[in-house]
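A.B. asks: Please see the structure below; I have some questions.
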Amino acid sequence: MPEYQRILLVKPSSLGDVVHALPALSALRRRFPHARITWLVKREWSEILRGHPDLTDVIAADLRWPNWPRLVAQLRRARYDLALDFQGLFRSGLLTRLSGAATRVGFAAGREGSPWCYTDRVHLPVSETPPWRLIPVHAVDRNLALAAHVGADITKPVFCFPDFTEETERMTTVLQEAGVKPNEPLIAVAPVDRLRLRSWPLERFAEAASRLAQLGAGKILLLGTAGQRDILKPFAESIPAGLIDLVGRTTIRELAVVLRRTQLLLANDSAPLHLAAALGTPVVGLYGPTSVARARPYGEGHRAMRVVLPCSPCEKKTCANPVQFECLTAVSADEVVTAAQAALRKPRNVTGTHQP
């Protein structure tokens, strides 16, 4: 196996997908301890990678087509000898091809013609006949398969993160000002997924959160982006006094700090869910058309809630079922509360080593 010295990782988006590739990065760093490893990522998600101990550099790119000539020239100047495409789409495959790397590794079952851009096409250890999103291999393990192809040891996946000391200090102050005492238990709730296509009913999130608070599980902490504030207003109004509202008040790195501080996260299949699981925070995730095999919270001790129907998982954005998204909406608040209590009884640190 060649001793690669200049390695490019192509995983532009989104936040949850970037998190899913972190164990592959750490495996590659262990295999190539002296190599220069660079990650190409969309600018809006680059914050989670800044200062990562396993990276030499981060290319925070604007991938609109007019910016490609300058970006490709930058990639060519770096003279990469290995490029790995963890995205598996036409655009990421093309960037991998245009990087000039002699060895280009990607998924044999990649979409949109991306495999034509690779010198090495990696098969997953299961049948690849189903559509890509329905292949029953978790996204983390798919990424690890590419790292293993170039000789990395993937037997002990590790989620490693940058140093969040500054963000921890800021968020500690924010929580103190909100009345949170040191070591006081917190239950985080992230009720809206980015596309709003896989969201459990907001009123059930509120019902489950209220009951957990009444049972003494912890104070409720509401998470979301600034653009979700109006959507989440009914949730905030339905929670008894003591709600900690952080909607629109955290950066990506501050979100990571908050999730690490909490005892549990209730969320749809979304970036906060995958970030929390990677940080070792127990998660109760609400799933509908999404494949749980591919996108469940990674590791032991989490709960992925859904109702099994003949048509699910379908990974479709529209639902042909007479009861729209029944696989998701049929999950009751009682079931979620029970699952949350069980998750809270489990020890923390559910997927192994979670480095700061």
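Take the position in the sequence shown, starting the count at 1, then add 984; the result is the number in this note's numbering. Idealized CB from N, CA, C, for every residue including glycine. This structure is a prediction, so every number in the text was calculated from the model and none was measured.
Buried or exposed for G1272, going by 16 or more other Cβ atoms inside 10 Å?
C.D. replies: Per the 10 Å Cβ criterion, buried.
A.B. asks: Using the beta-carbon count (16 or more within 10 Å), is K1140 buried or exposed?
C.D. replies: exposed
A.B. asks: Using the rule of at least 16 other Cβ atoms within 10 Å of the residue's Cβ for burial, across every protein chain shown, is V1134 buried or exposed?
C.D. replies: buried
A.B. asks: How would you label M985, buried or exposed, when you count the other beta carbons within 10 angstroms and need 16 or more for buried?
C.D. replies: exposed
A.B. asks: Going by Cα to Cα distance, which pick from L1047, A1085, D1001 is closest to Q1342?
C.D. replies: Past the edges of the chain, shown from 985 to 1340, lies residue 1342, and the structure says nothing about it.
A.B. asks: Taking contact to mean at least 3 C-beta pairs separated by less than 8 angstroms, is the region 1049 to 1058 in contact with the region 1086 to 1093?
C.D. replies: no
A.B. asks: Measure how close the beta-carbons of A1261 and Y1282 come, nearest whole angstrom, since I'm counting them as under 8 angstroms.
C.D. replies: 5 angstroms
A.B. asks: Which parts of the region 1240 to 1314 are runs of the alpha helix (DSSP H), unbroken and 4 residues or longer, counting only runs that do not cross its ends?
C.D. replies: 1255 to 1263, 1276 to 1279, 1310 to 1313
A.B. asks: Can you round the beta-carbon distance between L1263 and A1240 to whole angstroms, since I take them to be within the 8 angstroms contact cut?
C.D. replies: 6 angstroms
A.B. asks: State the DSSP-derived secondary structure class of D1104, mapped to helix, strand or coil.
C.D. replies: strand
A.B. asks: If you scan the region 1050 to 1114 from start to end, which runs of the alpha helix (DSSP H) of 4 or more residues do you find wholly inside it?
C.D. replies: 1052 to 1062, 1074 to 1082
A.B. asks: Tell me the rounded alpha-carbon separation between G1269 and E1187.
C.D. replies: 16 angstroms
A.B. asks: Expressed to the nearest angstrom, what Euclidean distance is found between the alpha-carbon atoms of P1166 and L1196?
C.D. replies: 20 angstroms
A.B. asks: Following the continuous beta strand (DSSP E) through T1022, name the residue where it begins and the one where it ends.
C.D. replies: 1020 to 1026
A.B. asks: My assumption, with CB atoms under 8 angstroms, is that V1106 sits in contact with L1130. Please give the rounded CB distance.
C.D. replies: 6 angstroms
A.B. asks: Looking only at its own chain, which residues have a Cβ that is under 6 angstroms from the Cβ of D1137, when we skip the five neighbours before and after it?
C.D. replies: none
A.B. asks: Using 10 angstroms around the beta-carbon of D1214, count the other beta-carbons present and answer buried if the total reaches 16, otherwise exposed.
C.D. replies: exposed
A.B. asks: Near A1086, what residues of its chain come up, given a Cβ to Cβ distance below 7 angstroms and the 5 sequence neighbours on each side ignored?
C.D. replies: D1065
A.B. asks: Distance, Cα to Cα, R1126 vs G1208?
C.D. replies: Cα atoms of R1126 and G1208: separation of roughly 28 angstroms, rounded to the nearest angstrom.
A.B. asks: Would you check if the distance between the CB atom of A1323 and the CB atom of R1290 is smaller than 8 angstroms?
C.D. replies: no
A.B. asks: Expressed to the nearest angstrom, what Euclidean distance is found between the alpha-carbon atoms of A1005 and V1121?
C.D. replies: V1121 has its alpha-carbon roughly 14 angstroms from the corresponding atom of A1005.
A.B. asks: Select from R1054, E1150, A1190 the residue whose C-alpha is nearest the C-alpha of R1034.
C.D. replies: E1150
A.B. asks: Alpha carbon to alpha carbon, how far is E1168 from I1228? Give it in angstroms, no decimals.
C.D. replies: 13 angstroms
A.B. asks: Which residue wins for smallest C-alpha separation from H1258, given the options C1303, V1003, I991?
C.D. replies: V1003
A.B. asks: So what does DSSP say about D1001, is it helix, strand or coil?
C.D. replies: helix
A.B. asks: For S1083, collect the residues of the same chain with a Cβ closer than 6 angstroms to its Cβ; drop the 5 residues on either side in sequence, then sort them by chain order.
C.D. replies: L992, L1059, Y1064, A1067
A.B. asks: Please classify E983 as buried or exposed, where buried requires at least 16 neighbouring CB atoms within 10 angstroms.
C.D. replies: Given a span of 985 to 1340 for the chain in the structure shown, any question on residue 983 remains unanswerable.
A.B. asks: Beta strand (DSSP E) containing D1125: first to last residue?
C.D. replies: Segment 1123 to 1133 is the alpha helix (DSSP H) holding D1125; no beta strand (DSSP E) there.
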